[in-house]
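Protein chains: 2
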Amino acid sequence: MTGSQKRVEQITSRDKDFAQWYTDVVKKAGLIDYSGVKGCVILRPYAYAVWENIQKVLDGMFKQTGHENVYMPLLIPESLLQKEKELIEGFAPEVAWVTHGGAEELSERLCIRPTSETLFCEHYHNTVHSWRDLPKLYNQWCSVVRWEKTTRPFLRHREFLWQEGHTVHATADEAIEETVAILETYAELCEKYLAMPVIKGPKTKNETFPGAAVTYAVECMMHDGRGLQAGTSHYFGDIFAKAFDIEFTDKDNTQKHPFQTSWGVSTRLIGGIIMVHGDDSGLILPPRIAPTQLVIVPISMHKEGVLDAAKDIKTRLLTAGIRASMDMSDQSPGWKFAEYEMKGVALRLEIGPRDLAEKMCVIVRRDTGEKLHVALNGLEKEIARLLDMVHDELLERARKNLAARTFDATGLDEMKAKLEKKIGFARAMWCGNAGCEQEINEKTSMRARCVPFEQEKIADTCVCCGSPAEKMVIFGLQY
Amino acid sequence: MTGSQKRVEQITSRDKDFAQWYTDVVKKAGLIDYSGVKGCVILRPYAYAVWENIQKVLDGMFKQTGHENVYMPLLIPESLLQKEKELIEGFAPEVAWVTHGGAEELSERLCIRPTSETLFCEHYHNTVHSWRDLPKLYNQWCSVVRWEKTTRPFLRHREFLWQEGHTVHATADEAIEETVAILETYAELCEKYLAMPVIKGPKTKNETFPGAAVTYAVECMMHDGRGLQAGTSHYFGDIFAKAFDIEFTDKDNTQKHPFQTSWGVSTRLIGGIIMVHGDDSGLILPPRIAPTQLVIVPISMHKEGVLDAAKDIKTRLLTAGIRASMDMSDQSPGWKFAEYEMKGVALRLEIGPRDLAEKMCVIVRRDTGEKLHVALNGLEKEIARLLDMVHDELLERARKNLAARTFDATGLDEMKAKLEKKIGFARAMWCGNAGCEQEINEKTSMRARCVPFEQEKIADTCVCCGSPAEKMVIFGLQY
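Going line by line, the protein sequences match chains B and A. Using my numbering, you'd call the opening residue of the first sequence number 29 and step up by one each time. Using my numbering, you'd call the opening residue of the second sequence number 29 and step up by one each time.
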């Protein structure tokens, strides 16, 4: 038995038990460790480096469009949290409460932020006075706490890392424009960097964020056909501005309430990456956010010239901006192959005495297993080309899965039967009635993912009640 | 009265009331806003951008030396916090306790991390088994909470941002080497980027971090002569490894306890920057970490060609890697001058029709007020040179203040008299007795800052008891 086979046996087959496969990959690829508090996990260097790369891309996009980072406090007084009715109703059951500072009981309980709308609103109340102060395009990178009953690595933590943008604008139009522009930013992140195809659109009222007027989402499909909400962007109208008494003097010298948005993505994206791309050998990381894009495994390291050549290649690739690493440890090549397969490194470069003599090296693709003989001359360009190709093909593969697992349904029985045959997304017409949405959920367990921007009239009547229906909705099981 | 004068009158004079001056600058320069929770402040975009620049520099240095970032949970179970006796004794009086998740009381209280030694140790207990697993060079960027009685912006928050490095090594020598190497990294950050001269050395036992074997510190002097501990690096020996049962199989096949370090700097550095460099017109930011290094103020904006020329300059400077911004608002030039003086932007570039005709512009230095006529041709190089010069001169000015406010003392009366004449650092010989250290503090209010690496034998006997003394210690009042 080779080292590679041994290692792969450590993880459950993806098609046999997707949930167990996921848990195995998360642990074996060295992404997380558990802490003594349920749902509070340790992001090990490999997982955190993925998050840093996502941060770098997204933070660059935010700053490019005029957003600024701030830091709001971790703790929210109970009275402040209660200022907006729907928000407190949505979050009260799941916040963690601080009651003591040192040995003393606090006069007012403080919650650990589950989200920071209230803090931003209070700050805007203090700092927005004139049209000159608008817009404020703020974002923060932080962790939030939600005391969930059931937890799962990356997908549902009690504490998770995210970014939360909170903006305030003079007009409703401007705020809506911002909400949608951010949704597009999230879609770009998912498709261009994470190789995850998305469906974009507003949520139904029932799925809307507490206190928001409209919630837009980017929805992704996992390999097993279930949906994952990858990011949301909320338009608040002036609901929060009124609750928090935020007012400004406009150019026409009248007092007005401004209009607000908020939006966020979290480390849950890492869960999405694992579940969209991974396979029975472990993780497959999209190269543009991978901590290591290529790993060099020298073959017959002790032979003359091999190590020097490998080091030289590493330097060349790093200089060309490729995130290359080299494994010079005394483990066997087989062990190393399996290790970097498990970790999902896009390309493996093998170089031994024979390759060296031919001024060639061997490149193995993680996603396809394809083996290529590549000339050392001009290697940088070829690696860059291959990394782009891997990205494109990962995206294409995920698109095919999405297409293969999306079906149309014109009635509930059909919807249920098709779902039972193959888990996936149902495209169905909906009358807009919340009662129908609930009935669909009760009968099929599916929930409305979103009302996609790209509409198609697949029938004239609601999939549930048969009344005339104008909107096509994507329904799905969800993480 | 010009706009500039009006604005300056808003802040107290630095030499009249340093504490009030500090509070004024922090608020008027737009660095912070207060939240509803005492000691938990909002870092506004300008302050957060300074922190981001510090992070970027430091994170680059850490990664360059093989450190990796991780994320540990915010919450620590009470039983875990209690595992190391000295640590819990040091921190128990000032931690915030979470007692409820949603409506339910927790079976065990959780504290919000005041520092994360215990979490790292538990993780190392789980993941360090063999010499192959060592060293682990981990760092995290996060916020911590300490329930302080008295608080002050940047200097003493109940919640503050910091980085905390935690490393584990096979040998004591290696761990000590790491502790000192990180101290040098902090010194480099302070001097090369923040223009803050430092004194480096170990702390006395009394000033050592709870649970540490040795604490090294970089100490800075503020403009008013008080000391600020800018960063600390702790060597733990195997104290924590034993308390947390961290063991590894060494190359010789025996089980051993590894050796650990931890080290950190926080947003308190921003307080240091303000108090070292600021003056009666407001903030002065060292250019290498300033969000904006140069601000362009177009003069007679409506005149033909002015705005285009200003925009062109901005593009040129940005392209050259200079953080330039431009103020095109309808405020008067006088208002703008005062605004960017308050915000401490190193250079102001004025350009009007006359300058344009001469292919020149005016540069005004924030630190000296000096006005320079600079040719537009070759502007990028000249600006880069000026920014370096500003940095060097800020550092030099701070060094002069440090020298002018440092005095030698051979007895307690002399020490007290010199301090009363001029607040500053005392260099004094110390016998090593904790009782003397306490007496010095009681009689002069000064505390031992550190035992500097650069020693000088200024007397033969202890400043307090007169016994033979070998060590020169720096004593000072502190923030």
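For each residue, glycine too, the CB sits at the ideal point set by N, CA and C. All of these numbers come straight from a predicted model, not from anything done at the bench.
Strand pairing of residue i, partner residues [DSSP]
i	result
H197(A)	F287(A)
F237(A)	For F237(A), which the question treats as bridged, DSSP gives no partner whatsoever.
G259(B)	V246(B)
Y62(B)	V69(B)
Amino acids of chain A, ordered along the chain, whose beta-carbon sits closer than 9 Å to that of residue i
i	result
D161(B)	In chain order: nothing, as chain A lies at least about 11 Å away.
V123(B)	H128, G129, G130
P105(B)	S63, G64, V65
Residue i (DSSP reduced to helix, strand or coil)
i	result
E408(A)	helix
N167(B)	strand
T143(A)	coil
M29(A)	Any reading at M29(A) needs caution, since the residue's pLDDT is 39, under 50, leaving its predicted position unreliable; the model's value is listed next. In the structure shown, M29(A) sits in coil (DSSP, three-state: anything other than H, G, I, E or B).
W125(B)	strand
R351(A)	coil
V226(A)	coil
M370(A)	helix
T178(A)	coil
C459(B)	coil
T93(A)	coil
V53(A)	helix
R137(A)	strand
K450(A)	coil
V208(A)	helix
A497(B)	coil
Spatial distance of residue i from residue j (CA atoms)
i	j	result
V196(B)	Q321(A)	27 Å
K228(B)	E187(B)	27 Å
K409(A)	T277(B)	44 Å
E150(B)	F272(B)	7 Å
H194(B)	F287(B)	11 Å
V392(B)	R160(A)	27 Å
E465(A)	P101(A)	38 Å
T434(B)	F264(A)	57 Å
W175(B)	W125(B)	10 Å
A258(A)	C139(A)	26 Å
L400(A)	C389(A)	8 Å
G406(A)	I210(B)	39 Å
E216(B)	G255(A)	49 Å
I317(B)	Y74(B)	11 Å
T489(A)	G439(A)	9 Å
A431(B)	A245(B)	19 Å
Close beta carbons around residue i, own chain, < 8 Å, minus the five adjacent residues each side
i	result
G310(B)	V36, I39, V53, K56, A57, E369, M370, K371, G372
Y166(A)	H95, E96, N97, V98, F148, G193, H194, T195
M590(A)	Outside the modelled stretch of chain A, which goes from 29 to 507, sits residue 590(A), for which no answer is possible.
Amino acids of chain A, ordered along the chain, whose beta-carbon sits closer than 7 Å to that of residue i
i	result
L71(B)	V98, Y99
S171(B)	L102
T155(B)	D61
Y76(B)	N97, V98, Y99
Contact set between residue i and chain B, taken where Cβ atoms lie within less than 7 Å
i	result
L147(A)	S63
L138(A)	V65
W175(A)	G129, G130
Contact set for residue i: own chain, Cβ-Cβ below 7 Å, skip 5 residues either direction
i	result
M29(B)	Confidence at M29(B) is low in this model, with a pLDDT of 39, below 50, so the placement of that residue should be treated as unreliable; the coordinate-derived value is given next. So the list is empty, once near-sequence residues are dropped.
S473(A)	L505
F237(B)	T243, T260, H262
Spatial neighbours of residue i in its chain, beta-carbon cut-off 6 Å, leaving aside the 5 residues before and after
i	result
F481(B)	K228, G229
S32(A)	Low confidence applies here, because S32(A) scores a pLDDT of 49, under 50, leaving its location unreliable; read the following figure in that light. The answer, listed in chain order, is G362, F365, A366.
K164(B)	V196
D436(B)	R455, I486
V418(B)	P315, A374, D395
Chain B residues whose Cβ lies nearer than 9 Å to that of residue i
i	result
P181(A)	The premise fails here: P181(A) is roughly 13 Å from chain B at the closest Cβ pair, so nothing lies under 9 Å.
N281(A)	Those within 9 Å of N281(A) in chain B number zero; the least Cβ separation is about 16 Å.
Closer than 8 Å at the beta carbon, the chain B residues around residue i
i	result
T347(A)	Within 8 Å Cβ-Cβ: nothing; T347(A) doesn't reach chain B, min ~16 Å.
L108(A)	G64
E275(A)	Neighbours of E275(A) on chain B: none; closest Cβ ~17 Å, over 8 Å.
Contacts of residue i in chain A (Cβ-Cβ under 8 Å)
i	result
E187(B)	P101, L102, L103
E150(B)	S63, G64
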